[in-house]
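Numbering (the numbering used here), first residue to last: 1330 to 1651. Built from N, CA and C at the ideal position, the CB exists for glycine as well. Working notes, beginning with the structure itself.
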C-alpha cells in the first residue's frame, strides 16, 4: 500500500527478492495541471510497467471502509500487508492479514511521527536520521518497532538527496523485515519517547505557513528550512520593495554567515541588500545569501539572473523580506 516514489523502491525490492505481491493499493487517479488530465500515482505507474512481467492487481478505493474493497482485500488471503507512504488505515484493514500490517517510516521513530519526516529532520538540524519498520496500531506511527537503520545527515544535505538515500536504505530494510517476520527472528519493541521534546516527535504536513521563511530566526535555522524544503515543496518568501511592490518567490538554496556585512546596528531582520550579483538578507544573528530562487510565474533561476531582470532593485535601499 503506497503512493509516491518513496514506495516504489520497497515494492521493487520485494518483487526482486521473489515475494508474491498479488495487489497494490494506492490513491485514485486525480486531475492535475492546467488541462486537469488524470494523473496516476508513482506506484501505479511502476506496476503498470511491471505488469508486462508479473500481473499485479491495482486497487484504488475512494474509501478504505468500502465493502467491495474490503471483500477484494480478503480474497487475497494475504500473510502480510506492507505500507509505505500511504494513508492511515482503519482497524478492519490493518488487522486483516495473518501476520499483521507493518509500515516503513522515514525517520528513527519515535522521532518525527507524521507526514513529512525527511523534511523535518533537516529543518530541525538533526545530525542523523534513518528508517524504521513497525507494526501498525490504532494511532499514527506509534506501533512496536521491528527494525531500524541509521544514516548521517550531511552539513549541506537537502531533502532531495536524503529522500533518495532513505528510499534505498528503506527498500533493503523492508525485505529484511519480511524475512524476519517470516522466520520469527524479530522481536517487536515498544517505542520509547523518554526525553524527546514535542518538536522532535512531530513531522506535520507541510503547508504555506510552515514553509514560509521567518528571517527573525537565526541564519542557521533559515538555511536549514531552505535545505529541508528543497527542491519540493520549496521555502517561501515575499520581497517588499521601497515603493510597496511585493514579489512572491520560492527559495531553493542559501549560504549562511554568522556575520552581518551591513553592520549589526543598522540591520533589521528581513532587510535585504543587493550588491553586485548577490542577494543577502539579515537574520537574527547573521545573514543568508540567496543563491537560487523562483519568482511567482517564472522559472527557477540564480540570484544573478533575478537581479538582471529587476535592475531597479539595485537602487532600492528599503528592500525587506516579509
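- With respect to the 8 Å criterion, residue 1436 and residue 1471 are not classified as neighbours on the basis of their beta carbons.
- Taking a C-beta distance under 8 Å as the contact criterion, residue 1532 and residue 1624 do not qualify as a contact pair.
- Scanning 1427, 1418, 1413 for the CA closest to the CA of residue 1405 turns up 1427.
- In the DSSP assignment, residue 1617 falls within the unbroken beta strand (DSSP E) covering 1616-1624.
- Rounded to the nearest whole angstrom, the CA to CA distance from residue 1398 to residue 1429 is 18 Å.
- Within its own chain, the residues whose Cβ lies closer than 7 Å to the Cβ of residue 1649, once the five positions on either side in sequence are excluded, are 1569, 1599, 1600, 1601, listed in chain order.
- Between the stretch 1489-1508 and the stretch 1462-1481 there are three or more C-beta pairs closer than 8 Å, enough to call the two in contact.
- Residue 1450 carries a helical assignment under DSSP once its states are collapsed to helix, strand and coil.
- When DSSP states are grouped into helix, strand and coil, residue 1373 belongs to the helix group.
- Here residue 1451 is near residue 1557, since their CB atoms are less than 8 Å apart.
- Under DSSP, no beta-bridge partner is assigned to residue 1487.
- Note that the C-beta distance between residue 1336 and residue 1372 is below 8 Å.
- In the DSSP annotation of this structure, residue 1472 is not part of any alpha helix (DSSP H), being labelled neither H nor E.
- Considering only 1616, 1578, 1628, the residue with the shortest C-alpha distance to residue 1546 is 1616.
- Each residue's CA atom was taken as its position, placing residue 1352 and residue 1439 some 30 Å apart.
- The residues 1439, 1440, 1441, 1442, 1522, in chain order, have a CB closer than 8 Å to that of residue 1530 in the same chain once the five nearest residues on each side in sequence are set aside.
- Contact check for residue 1503 against residue 1461 fails: the beta carbons are separated by 8 Å or more.
- With distances taken between CA atoms, residue 1476 lies nearest to 1501 out of 1497, 1501, 1466.
- The stretch 1519-1591 is shown to contain whole beta strand (DSSP E) runs of 3 or more residues at 1564-1569, 1575-1586, in chain order.
- Here DSSP, grouped into helix, strand and coil, assigns residue 1337 to helix.
- Annotation: residue 1421 is outside any beta strand (DSSP E); the continuous alpha helix (DSSP H) that includes it extends over 1420-1423.
- Residue 1548 sits away from residue 1596, with the two beta carbons spaced by 8 Å or more.
- Less than 8 Å divides the Cβ of residue 1409 from the Cβ of residue 1510.
- By the Cβ neighbour-count rule, residue 1603 is buried, with 16 or more other Cβ atoms within 10 Å of its own.
- Judged by DSSP in its simplified three-state form, residue 1398 adopts helix.
- In the assembly as shown, residue 1516 is an exposed residue. Its beta-carbon has fewer than 16 other beta-carbons within 10 Å.
- The residues 1369, 1387, in chain order, have a CB closer than 8 Å to that of residue 1377 in the same chain once the five nearest residues on each side in sequence are set aside.
- If you check the CB distance, residue 1444 and residue 1534 come in under 8 Å.
- In the structure shown, the three-state DSSP call for residue 1644 is helix.
- Residue 1580 and residue 1350 have their C-alpha atoms roughly 41 Å apart.
- Under the three-state reduction of DSSP, residue 1513 is assigned to coil, being neither helix nor strand.
- Counted as a single uninterrupted DSSP element, the alpha helix (DSSP H) harbouring residue 1636 occupies residues 1632-1638.
- Restricting attention to 1431, 1360, 1367, 1354, the CA atom closest to the CA of residue 1389 is found in 1354.
- Proximity to residue 1496 across 1562, 1434, 1543 peaks at 1434, based on C-alpha coordinates.
- Only residues of its own chain outside the window of five on either side were considered, and among them 1354, 1412, 1415 have a CB closer than 6 Å to the CB of residue 1330, listed in chain order.
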